[in-house]
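Visitor: Have a look at this one.
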Amino acid sequence: MTQTSDILCIGSVLWDVIGRTASSMRVGSDVPGRITRLPGGVAMNIAMTLRRFGMAPALLTTIGRDPEGEELIAEATRMGMNCDHIYRSDDLPTDVYMAIEGANGLIAAIADAHSLEAAGDKILRPLANGALGTAQSPYAGTIALDGNLTTELLQTIARSPLFQNADFRVAPASPGKAERLLALLGHPSATLYVNLEEAGLLCQTTFDDSASACAALMARGAHRVLVTDGGKSASEGTAGDIITQTPPAVMVTRVTGAGDTFMAAHIASEAAGMDRAAALTRALNAAATYVSGETPL
């Protein structure tokens, strides 16, 4: 039975394999800790948080027909995701992300999203074949889009009439992929969610604070942008107007997925009718709760 949804999450859905330790680490460290495997990927992380805020996300991604993929589909369905429109590949394996986190933050990470990149525009077929929209009647809802897609596919999305009525919410998958978002920088309905480092990469400079990064991105043509800077500040810029807030101070126990949590909480807050300041506050509180090790609500 086809499920209904109120937001599309397009991008990476995979397994997160995360090693965490309470010790500070450096290159070559060998310390005790815990290793977990959980559903992850930018699109999945956003969708999971949206579910906690009462929204009904649909996933557009690729997942293999291998045992890992079957398990991932089952878990996503159990959590309430709409998996009806996922592209299932017979020959591409399910993607995976691996990271090491210490007391001093993220030490290293490798994202193997090669299957998503290889699938290309196959994941977008439901937006053209009538399942979610057509060229004559484009999808007109909110889309959360992540930077694990290839530059070519992001450029196609930016130009395609299939997306002309959509409310884009866009996040890079990592600083290493931030420049892929240049394809959507000037899109008239795109909201970019980036951290300070990613903002600097998009502007080919460095910034001292989130407000200056926000202003620079808007000067480069961004319709709307949110910039975070860890526990220091976060700024949101719309039509040249910038608001800045400081997140709550918390003990950090995890960092992978914090930006995705912030983005999803902000989207859900605006969907609930909150104004700019209230939505930013709620998103910062959700991200702070997440990195402290609790579940944001």
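First residue of the sequence shown: 206, per our numbering; consecutive thereafter.
Idealized CB from N, CA, C, for every residue including glycine.
The structure presented is a predicted model; accordingly, all values stated were derived computationally and were not measured.
Pull up the distance between the alpha-carbon of L337 and that of M286, whole angstroms please.
Guide: About 16 angstroms.
Visitor: Rounded to the nearest angstrom, what separates P244 and H392 at their Cα positions?
Guide: 30 angstroms
Visitor: With DSSP run on the structure shown, which of helix, strand or coil describes M206?
Guide: The pLDDT assigned to M206 is 38, lower than 50, so where the model puts this residue is not dependable; a value taken from the coordinates is nonetheless given after this. Here M206 sits in coil by DSSP.
Visitor: In the DSSP assignment, what are the bridge partners of Q450?
Guide: Note: Q450 sits in a beta bridge opposite A439.
Visitor: Taking the alpha-carbon positions, what's the N370 to H428 distance?
Guide: 15 angstroms
Visitor: For the beta strand (DSSP E) containing V432, name the first residue and the last one.
Guide: 429-433
Visitor: Within a Cβ cutoff of 8 angstroms, which residues of the same chain sit near P377, ignoring the five residues on either side of it in sequence?
Guide: The answer, listed in chain order, is D351, G352, A383, R385, L386, V399, E403.
Visitor: Mind checking whether L332 and L359 have CB atoms under 7 angstroms apart?
Guide: no
Visitor: Would you mind stating whether L297 and A318 have Cβ atoms separated by less than 7 angstroms?
Guide: no
Visitor: Have a look at L406 and A421 and give me their C-alpha separation to the nearest angstrom.
Guide: A straight line joining the alpha-carbon of L406 with that of A421 spans about 12 angstroms.
Visitor: Tell me which same chain residues have a C-beta within less than 6 angstroms of the C-beta of F258, skipping the five on either side of it?
Guide: So the qualifying residues of the chain are A473.
Visitor: Can you name the start and end residues of the beta strand (DSSP E) that P244 belongs to?
Guide: In the DSSP annotation of this structure, the continuous segment of the beta strand (DSSP E) that includes P244 starts and ends at 239-245.
Visitor: Enumerate, from N- to C-terminal direction, the unbroken beta strand (DSSP E) stretches of 3 or more residues contained entirely within the segment 340-372.
Guide: 347-351
Visitor: Can you give the beta carbon distance from A279 to L264, rounded, assuming they're within the 8 angstroms contact cut?
Guide: With a Cβ gap of about 13 angstroms, A279 and L264 do not count as contacting.
Visitor: Using the three-state DSSP reduction, which class does D221 fall into: helix, strand or coil?
Guide: D221: strand per DSSP, three-state reduction.
Visitor: With three or more beta-carbon pairs closer than 8 angstroms as the criterion, would you say the segment 451-469 touches the segment 491-498?
Guide: yes
Visitor: Could you spell out where the alpha helix (DSSP H) holding V496 opens and where it closes?
Guide: 481-496
Visitor: Distance, Cα to Cα, P237 vs I448?
Guide: 42 angstroms
Visitor: Can you tell me the Cβ-Cβ gap for T433 and A424, rounded? I've got them flagged as a contact below 8 angstroms.
Guide: Not quite, the Cβ-Cβ distance comes to about 19 angstroms (not below 8 angstroms), so this is no contact.
Visitor: By Cβ distance, which residues of its chain are closer than 8 angstroms to L390, with the 5 residues on each side in sequence left out?
Guide: Only L397, L407, L422, R425, G426, A427 meet the Cβ criterion.
Visitor: With respect to the alpha helix (DSSP H) encompassing E384, which residues constitute its N-terminal and C-terminal limits?
Guide: Per DSSP, E384 belongs to no alpha helix (DSSP H) and is neither H nor E.
Visitor: May I ask which residues mark the beginning and end of the alpha helix (DSSP H) holding L332?
Guide: Element bounds for L332: n/a, residue is neither H nor E.
Visitor: Would DSSP call M249 helix, strand or coil?
Guide: M249 falls in the helix class under three-state DSSP.
Visitor: So the candidates are M479, F467, V457; which of them puts its Cα closest to the Cα of S228?
Guide: V457
Visitor: DSSP beta-bridge partners for A313?
Guide: Its beta-bridge partners are I305.
Visitor: Between which two residues does the alpha helix (DSSP H) containing G405 stretch?
Guide: 401-408
Visitor: Answer with buried or exposed for R364, where buried requires no fewer than 16 other C-beta atoms within 10 angstroms of its C-beta.
Guide: The residue in question, R364, is exposed, as its Cβ has fewer than 16 Cβ neighbours within 10 Å.
Visitor: From which residue to which residue does the beta strand (DSSP E) around C214 run?
Guide: 212-215
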